[in-house]
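Asks:
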Amino acid sequence: MESIGRAVNSALQLSKRGGGVAFLLSNLREAGAPIKRIENQSSGVIPVMKMLEDAFSYANQLGARQGAGAVYLHAHHPDILRFLDTKRENADEKSALKHCRLAW
205 MESIGRAVNS
215 ALQLSKRGGG
225 VAFLLSNLRE
235 AGAPIKRIEN
245 QSSGVIPVMK
255 MLEDAFSYAN
265 QLGARQGAGA
275 VYLHAHHPDI
285 LRFLDTKREN
295 ADEKSALKHC
305 RLAW
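Using this note's numbering, read the sequence shown as starting at 205 and increasing by one per residue.
1. Between Leu301 and Gly223, what straight-line distance do the alpha-carbon atoms span, to the nearest angstrom?
2. Anyone know if the C-beta pair for Asp283 and Glu234 falls short of 8 Å?
3. Pick out whichever of Asn264, Arg269, Lys220 and Gly236 has its Cα sitting closest to the Cα of Val249.
4. Strictly by DSSP, which residues pair up with Val252?
5. Does Ala268 pass the burial test, meaning 16 or more other C-beta atoms within 10 Å, or should it be called exposed?
Right under this line is the structure:
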């Protein structure tokens, strides 16, 4: 949790100074993974991606334009299909990403 908070803070700080920001999320647990032996605890990468997108959008780049960011996920990560679905035209609002770029 602490590293996710630091990532969001970094996204805010870099974006407000005009920097483009990218994060590799492959170290995050897949959705439904157990945490400390408790089943179905992990939310996966999608909620973190949404927080990062909100941070990119919130901190515009020196007032010149909306913040920009990208998230990366290894192709073999268990959440890769959910990751790719975030850019579908008819994606669920809970998972749709409008301004964040994806790469794998």
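All C-beta atoms in this analysis are idealised placements derived from N, C-alpha and C, irrespective of residue type, glycine included.
These numbers were taken from a predicted model, which means no experiment stands behind them.
Replies: According to the structure data:
1. In a straight line, the C-alpha of Leu301 is about 20 Å away from that of Gly223.
2. Glu234 is positioned such that its CB atom lies closer than 8 Å to that of Asp283.
3. Nearest option by C-alpha distance: Gly236.
4. Per DSSP, none; premise fails for Val252.
5. So Ala268 counts as exposed.
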